[in-house]
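Here's the structure we're looking at; comments come further down.
Residue numbers (our numbering): 39 to 233.
Next up, the structure:
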């Protein structure tokens with residue numbers, strides 16, 4: 039009987055230690071970090087950092103100018119959101135390319151003329167873009183386009199990528215995110231709650 043009580047006490051003590059260990063580790067870990075410092079070049083050729091947008095909430099979307107559907111549709115929806123939110127002067131929209139090899143400053147500038155004038159395009163070197171994608175937890179991968187008849191790769195490619203719109207606060211900290219399929223009125227409602 040005494041041995042049984044000792045075993046039970048030992049099991050309870052061990053479980054308590056395990057629970058305390060997990061509780062301590064869980065509380066010491068901050069939430070998943072999304073966003074962070076970067077240095078890129080905007081569509082006007084100016085060096086731009088995360089701090090360049092201090093004082094503004096940010097709507098951040100990653101894509102590329104050769105994207106056939108998701109990117110233009112999302113940028114059009116972002117334009118609708120910009121026009122309809124309550125405090126337009128407190129939000130900046132940022133489009134970061136995931137295809138810096140083709141998306142030069144000049145190409146971004148021309149591309150963005152098709153969308154809302156408050157959307158800022160950012161590009162950089164492959165290393166800079168890889169760094170900012172990592173900070174925003176964005177996946178992208180080149181997909182080679184092969185002509186069906188000749189089965190020859192002509193070097194043209196698409197890019198599979200995550201289609202997430204992030205809402206960041208005035209210091210660049212993550213607030214929430216939206217899928218590209220999210221209705222613009224829901225995005226507007228959520229942004230108005232934060233701004």
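The beta-carbon is built from N, C-alpha and C at its ideal position, and this holds for glycine as well.
Check                                                                                                 : Outcome
Proximity below 9 Å, CB of residue 177 to CB of residue 135                                           : no
Supposed contact pair residue 97 and residue 146 - C-beta distance, whole angstroms, cut 8 Å          : About 17 Å separates the two Cβ atoms, so there is no contact after all.
The region 166 to 181 touching the region 67 to 85, judged by at least three CB pairs closer than 8 Å : yes
As assigned by DSSP and simplified to three states, the class of residue 232                          : helix
Residue from 111, 160 and 140 whose Cα sits closest to the Cα of residue 152                          : 111
Proximity test, residue 201 beta-carbon vs the ligand GDP heavy atom, cut-off 8 Å                     : As for the ligand GDP, it is missing from this structure, which has no ligand bound.
Assigned secondary structure, residue 76 (DSSP; H/G/I helix, E/B strand, else coil)                   : coil
3 or more residues per run - each beta strand (DSSP E) lying fully within the region 147 to 221       : 157 to 161, 178 to 184, 191 to 199, 202 to 206 and 212 to 217
Buried/exposed call for residue 131, threshold 16 Cβ in 10 Å                                          : buried
Straight-line Cα distance separating residue 94 from residue 156                                      : 12 Å
Assumed close pair residue 133, residue 113 - CB separation to whole angstroms, cut-off 8 Å           : 6 Å
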